[in-house]
Structures are given as structure tokens and as C-alpha cells.
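**Q** My questions all concern the structure below.
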Amino acid sequence: MIKTVGIFISIIILSLAENAPADNTSRLVANLEAGKTQRVVAYGTSLTAGGAWVSQLQQALDANYPGLATVVNSGKS
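So the mapping is simple: the working numbering equals the position in the sequence shown, first residue as 1, plus 483.
As C-alpha cells, this is what we get:
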């Protein structure tokens, strides 16, 4: 299960990176790098509500931008 979630997160990140212009940083990353606090809201189904990927996203953001990002899990079952 954990390996599947890791693969899922990797696919999401690659999809986002693929759709972003090559010479532009996403607004989220630009704001975090500028020291601005940000909130990321995860919408979805029970896979979001009970899945580990939301907390893994929070951990990744904390590792790279300590104290600047908050992930809110708004998934519904």
C-alpha cells in the first residue's frame, strides 16, 4: 500500500511538473521560496480522506519549507 501511494504521489508531481512551463516556477513554490505561508487543500474521495498521501505531502513540504505550508485534507468518504 505504501509503495502504491509513493508511486501515486510521484505520478502527481510529474504530471504537475510536465504541465508547468519550463521557465516558470509554480506560484506555490515561488511564494514558499519568498517565505510566504501557503495553504494547500486536498479535495477528493475516500482515497484522499483516508489515504496517506496527504500527510506525506505535508511531510515533504515541511522538509523543504519548514513552517511555511499547511496541507488541509478535505477528502470526503
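For every residue, glycine included, the Cβ atom is placed at its ideal position computed from N, Cα and C.
Using only alpha-carbon positions, find the residue among Asn-556, Ala-535 and Ala-546 that is nearest to Leu-515.
**A** Leu-515 has its Cα closest to that of Ala-546, out of Asn-556, Ala-535 and Ala-546.
**Q** Using the Cα positions of Ile-496 and Lys-559, report the straight-line distance between them to the nearest angstrom.
**A** 22 Å
**Q** Buried or exposed: which applies to Ala-552, given that a residue is buried once 16 or more other Cβ atoms fall within 10 Å of its Cβ?
**A** buried
**Q** Compare the C-alpha of Ala-532 against each of Gly-518, Ser-509, Val-554 and Gln-542 and name the closest.
**A** Here the closest residue by C-alpha is Val-554.
**Q** Which residue marks the beginning of the alpha helix (DSSP H) containing Thr-531, and which one marks its end?
**A** 529–533
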